[in-house]
Ligand code: SF4
């Protein structure tokens, strides 16, 4: 569920986020509820159960708790909300408030993901974040005080001129807080961002490929020593604290995207899958929904071959890899039959491996394969 409002547009950000001084929370929340009620009646979703909800952004932590309470009420009234459903919210340290955090807990949100990115003042300034390292620590304390016992911290590494030692300082500060989950992403320059324009002009000193890999592997090592298992390329969790919602994406489950610019996907037995994106502009989105029009402005029907490619591409991001029985059951064909050439190539080069766990077979990237994870996973998209 996307909340597209921010206080400031960070120059590296390619999310659907818009600077609003006073976001129209009531009107936006009402639009979210209307969308939910409409999906509850759609044949592909009616009567289905909801196992996770994710309020992302933008900056959802600017919103009043009442908006999330209304949305959760609508979901509970229209779907079967599983009793142990994970309900996450993203919060920015520069937009955190103890009362709001308590309200989020009372509304039924049980997991919080704090966008720390770094504890270093210079790095935060480069990223154009509006918070300080101290404010990030305070936001974490506020979340704990509000009763959150499932907390993620988002961090970013491989910034221009950043040394490994500087990164480890932030990483160790994050570990010292003892969150349940850490997401550590390499900063990438996305087209359509201000950072892209700046980089084109000034050629910022990003780490080269060798150093970037050193960041990646050292991050894994330090987090493993601290008790965080890497369960996906950029995600680390203490035992049993992986993000159920993101695991759903990687396992190619169905999800409904609600809100401006939100994306959704469902399996379609007649064809492969359907993917859609909502109108990005918050104002146009709200107007459409309130007039009773569809919020969707892009819909793609994926043929079986495309859906299979996506399922492998996403599944291989997970450390446990792609569940082969699940794939065969979903698509009616074994992975070995669909991708004989690619499998021979990657398995033959030792870049992928198969293994068994609790009676199930999996295909995953080997350690060597993780060094070129993007190339290997993307090869299935274009097969
Ligand atoms: S706070 Fe997050 S969503 Fe908002 S502009 Fe910055 S990176 Fe983008």
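Residue numbers (this note's numbering): 446 to 828.
Cβ coordinates follow ideal geometry from the N, Cα and C atoms, glycine included.
All values derive from a computational prediction rather than experimental measurement.
* Unbroken stretches of the beta strand (DSSP E), 3 residues or longer, contained in the stretch 656 to 684 -> 674 to 677 and 680 to 682
* With residue 731 as the anchor, note down where its alpha helix (DSSP H) starts and where it stops. => 727 to 735
* Nearest-angstrom Cα separation, counted from residue 683 out to residue 813 -> 24 angstroms
* C-beta contact flag for residue 535 and residue 557 at 9 angstroms -> yes
* Asked: What do you reckon, is the C-beta of residue 549 under 8 angstroms from a heavy atom of the ligand FMN?
  -> Ligands displayed in this structure: the ligand SF4; the ligand FMN is not among them.
* Examine the ligand SF4 and report whether any of its heavy atoms sits within less than 8 angstroms of the Cβ of residue 744. => no
* To do: May I have the straight-line CA-CA distance separating residue 537 from residue 794, to the nearest angstrom?
  => 43 angstroms
* Asked: Taking DSSP as the reference, what is the three-state secondary structure of residue 740?
  -> coil
* To do: Give a yes or no on whether the minimum CB-CB distance between residue 591 and chain B is below 9 angstroms.
  => In the structure shown, chain B cannot be found, because there is only a single protein chain.
* In terms of DSSP beta bridges, what is residue 718 paired with? -> 712 and 747
* Relative to the ligand SF4, is the shortest distance from any of its heavy atoms to the C-beta of residue 453 smaller than 8 angstroms? -> yes
* Asked: Is any heavy atom in the ligand SF4 found nearer than 8 angstroms to the beta carbon of residue 545?
  -> no
* Asked: Helix, strand or coil: which one does DSSP assign to residue 759?
  -> helix
* Asked: Roughly how many whole angstroms lie between the Cα atoms of residue 750 and residue 782?
  -> 12 angstroms
* To do: Tell me whether residue 597 counts as near the ligand SF4, meaning its Cβ is closer than 8 angstroms to at least one heavy atom of that ligand.
  => no
* Asked: Would the beta-carbon of residue 716 fall within 9 angstroms of that of residue 768?
  -> no
* Tell me, which residues are paired with residue 784 by DSSP? -> Answer is none; residue 784 lacks a bridge partner.
* What is the DSSP secondary structure of residue 617, reduced to helix, strand or coil? -> helix
* Going by DSSP, which residues form a beta bridge with residue 495? -> 526
* Does the pairing of the stretch 589 to 602 with the stretch 548 to 557 give three or more beta-carbon distances under 8 angstroms? -> yes
* For residue 603, collect the residues of the same chain with a Cβ closer than 6 angstroms to its Cβ; drop the 5 residues on either side in sequence, then sort them by chain order. => 631, 632, 652, 657 and 660
* Asked: Is residue 822 helix, strand or coil by DSSP?
  -> helix
* First and last residue of the uninterrupted alpha helix (DSSP H) at residue 547 -> 543 to 552
* To do: Would you check if the distance between the CB atom of residue 506 and the CB atom of residue 541 is smaller than 9 angstroms?
  => yes
* Asked: residue 726: which of 710, 704 and 745 sits nearest, CA to CA?
  -> 704
* Asked: Cβ of residue 417 within 9 angstroms of Cβ of residue 709?
  -> This structure leaves residue 417 out entirely; the chain is present only between 446 and 828.
* Taking only the alpha-carbon atoms, compute the straight-line gap between residue 465 and residue 572 and give it to the nearest angstrom. => 20 angstroms
* Asked: Out of curiosity, what's the CA-to-CA distance linking residue 564 and residue 577?
  -> 7 angstroms
* Asked: Among 786, 758 and 702, which residue has its Cα nearest to the Cα of residue 500?
  -> 702
* Pairwise C-alpha distance: residue 461 and residue 480 -> 18 angstroms
* Return yes when at least one heavy atom of the ligand SF4 lies under 8 angstroms from the C-beta of residue 574, else no. => yes
* **C-alpha gap between residue 707 and residue 446, whole angstroms** => 7 angstroms
* Asked: Quick one: Cα of residue 743 to Cα of residue 671, how far?
  -> 43 angstroms
* Which residue from 732, 784 and 511 puts its Cα closest to that of residue 808? -> 784
* Asked: At a cut of 8 angstroms, does the stretch 681 to 701 reach the stretch 635 to 653 through at least three beta carbon pairs?
  -> no
* To do: Examine the ligand SF4 and report whether any of its heavy atoms sits within less than 8 angstroms of the Cβ of residue 630.
  => no
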